[in-house]
Amino acid sequence: MKAVLMTAPGNPEVLQMQSIAKPAVPPGERELLVRLVAAGVNPIDTKLRKRGTFYPDNMPAILGCDGAGVVEAVGAAVQRFRVGDEVYFCNGGLGAHPGNYAEYTVVDERFVARKPDKASFAEAAAAPLVLITAWEALYERGRLQPGEKVLIHAGAGGVGHVAIQLAKLKGADVCTTVSSQEKADFVKQLGADEVIFYQQTDFVQAVLNWTNGEGVDLAFDTVGGETFHKTFPAVRVYGDIVTILEPDANTVWKAARLRNLRIGFELMLTPMLQGIVEAQKHHAEILEQCATWIDEGKLKIHVSQTWTLEKAVKAHQLLESGSVTGKIVLLISD
Numbered sequence: 001m002k003a004v005l006m007t008a009p010g011n012p013e014v015l016q017m018q019s020i021a022k023p024a025v026p027p028g029e030r031e032l033l034v035r036l037v038a039a040g041v042n043p044i045d046t047k048l049r050k051r052g053t054f055y056p057d058n059m060p061a062i063l064g065c066d067g068a069g070v071v072e073a074v075g076a077a078v079q080r081f082r083v084g085d086e087v088y089f090c091n092g093g094l095g096a097h098p099g100n101y102a103e104y105t106v107v108d109e110r111f112v113a114r115k116p117d118k119a120s121f122a123e124a125a126a127a128p129l130v131l132i133t134a135w136e137a138l139y140e141r142g143r144l145q146p147g148e149k150v151l152i153h154a155g156a157g158g159v160g161h162v163a164i165q166l167a168k169l170k171g172a173d174v175c176t177t178v179s180s181q182e183k184a185d186f187v188k189q190l191g192a193d194e195v196i197f198y199q200q201t202d203f204v205q206a207v208l209n210w211t212n213g214e215g216v217d218l219a220f221d222t223v224g225g226e227t228f229h230k231t232f233p234a235v236r237v238y239g240d241i242v243t244i245l246e247p248d249a250n251t252v253w254k255a256a257r258l259r260n261l262r263i264g265f266e267l268m269l270t271p272m273l274q275g276i277v278e279a280q281k282h283h284a285e286i287l288e289q290c291a292t293w294i295d296e297g298k299l300k301i302h303v304s305q306t307w308t309l310e311k312a313v314k315a316h317q318l319l320e321s322g323s324v325t326g327k328i329v330l331l332i333s334d
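Residue 42 in the UniProt record's numbering sits at position 42 of the sequence shown, with consecutive numbering throughout.
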């Protein structure tokens, strides 16, 4: 089968299309052999490509956590799926298990969800990592409740654009930061109640104005760096802030301490990295619920660009440019 292999850590050119053996048939007892139709491209892919995977001894590696495709074979103990089912999932791509920049993959049925009927394979492949990240950050780490006010940084991005929608589905009021009028129009269509042009406006003051000086109940940081600690004064006393990035050594914690903020960290890769099966099953449950919302027209995944598998280098270059709205997807087969 064709697959894009990461041959060594480095620039995008270390991604090379090669022919490798197709996974064995039949797959393991609880596994599915999936013919991949599309694979999502995420920032974790570019970070692993640059610095090396979590398992440097397992090289070359196939990147790509997000996949969508059609079940081609099932293990003897598989109960939830059958040949021909359309599925989507977040699995592999971290170095221990092959990812989805390939024509086929094998995945445990417990970690897989049915593909939304109303979503294309490209949209489905773009969805899992960002949906799970936003869900856990807002609903589980941040304990978001109906009627609360939430600040979502970079609302036009991959995680941000689904976070806005999940917050609105919970009944929250949403404020978000963007860099352009085009992105402002985009997030308003998603339901954002207040849009802040962070390059021209002090976002903290804008949030305080929006909340009558109190601050938001929950802030969701998808940017990191200075943005993380600069957000502390925009959160109400005893409020929550959740980040998907590791705070840097220069983080100024004083405002968070004085406001008694609850700090949450969201890394949806933890279950895969630590082999926590129940948590991986929970991720599939999240995707099942989101599939229902997508089919009901309550949730949309925005794919800004698609590229063929052979163009994985270009996809990485574009993602690293930092100007992408929504998601980039690799198309593998029809």
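Quick reminder that beta carbons are idealized off the backbone N, C-alpha and C, glycines included.
Run the CB neighbour count on residue i, radius 10 Å, all protein chains shown included, and call it buried at 16 or more, exposed below.
i, result
"E246", "exposed"
"E13", "exposed"
"A8", "exposed"
"T133", "buried"
"Q280", "buried"
"E296", "exposed"
"R51", "exposed"
"K183", "buried"
"P26", "exposed"
"L287", "buried"
"A68", "buried"
"F228", "buried"
"E136", "buried"
"A24", "exposed"
"A256", "buried"
"L273", "exposed"
"A284", "buried"
Go ahead and pull the three-state DSSP assignment for residue i.
i, result
"V162", "helix"
"M6", "strand"
"T201", "coil"
"L299", "coil"
"R80", "coil"
"R236", "strand"
"T227", "helix"
"L331", "strand"
"Q16", "strand"
"F265", "strand"
"A61", "strand"
"V187", "helix"
"V41", "strand"
"R143", "coil"
"P271", "helix"
"K170", "coil"
"K22", "coil"
"E214", "coil"
"T133", "helix"
"A96", "coil"
Select from the options the residue whose C-alpha is nearest the C-alpha of residue i.
i, options, result
"D258", "G239, K118, D334, A126", "In the sequence under discussion, the amino acid at residue 258 is Leu, which differs from the Asp named in the question. Among G239, K118, D334, A126, the Cα nearest to that of L258 belongs to G239."
"W307", "T133, V25, A38", "A38"
"A192", "D202, T105, R82, L169", "L169"
"G275", "G142, E310, A96", "A96"
"L151", "D117, Y198, V130", "Y198"
"E148", "E214, T46, T243", "E214"
"V187", "A167, P98, V204", "A167"
"L131", "T53, C65, R262, V324", "C65"
"T46", "N11, S19, G28", "N11"
"I328", "T105, F54, V159, I62", "V159"
"I244", "P116, K311, L267, E136", "L267"
"C175", "H229, K118, V235", "V235"
"Q205", "F232, H283, D173, G67", "F232"
"Y104", "P43, W253, E31", "E31"
"T53", "V87, G69, G99, V107", "G99"
"A122", "T325, T251, N209, G40", "G40"
"E128", "L309, I332, I294", "Checking the displayed sequence, the identity of residue 128 turns out to be Pro instead of Glu. Of the listed residues, the one whose Cα sits closest to P128 is I294."
"L106", "G75, A119, K118, P116", "For clarity, residue 106 is Val in the given sequence; the question names Leu instead. It is G75."
"A291", "A125, L63, L15, A73", "A125"
"E310", "A219, S179, M17", "M17"
In terms of DSSP beta bridges, what is residue i paired with?
i, result
"G255", "With the sequence shown as reference, residue 255 is identified as Ala, and Gly is not the correct amino acid for it. DSSP, once it has assigned bridges, lists no residue as partnering A255."
"Y104", "R35"
"E194", "C175"
"R114", "V87"
"G69", "L36, V87"
"A219", "L151, I241"
"Q305", "I328"
"V74", "L32"
"V277", "None, per the DSSP bridge assignment."
Any heavy atom of the ligand GTP inside 7 Å of the beta-carbon of residue i?
i, result
"V112", "As far as ligands go, the structure on display features none, and thus does not contain the ligand GTP."
- Query: Quick check: the stretch 87-97 against the stretch 106-117, are there 3 or more CB pairs under 8 Å?
  - Reply: yes
- Query: How do the stretch 163-171 and the stretch 140-155 stand: do at least 3 beta-carbon pairs fall below 8 Å, yes or no?
  - Reply: yes
- Query: Would you call the stretch 23-35 and the stretch 302-322 touching, i.e. three or more CB-CB distances under 8 Å?
  - Reply: no
- Task: Say whether the stretch 40-58 touches the stretch 77-86, bearing in mind that this needs 3 or more beta-carbon pairs closer than 8 Å, one atom from each stretch.
- Result: no
- Item | Three-pair Cβ contact test at 8 Å for the stretch 214-231 versus the stretch 181-195 | no
- Is it true that the stretch 314-334 meets the stretch 139-147, where meeting means three or more beta-carbon pairs spaced less than 8 Å apart? no
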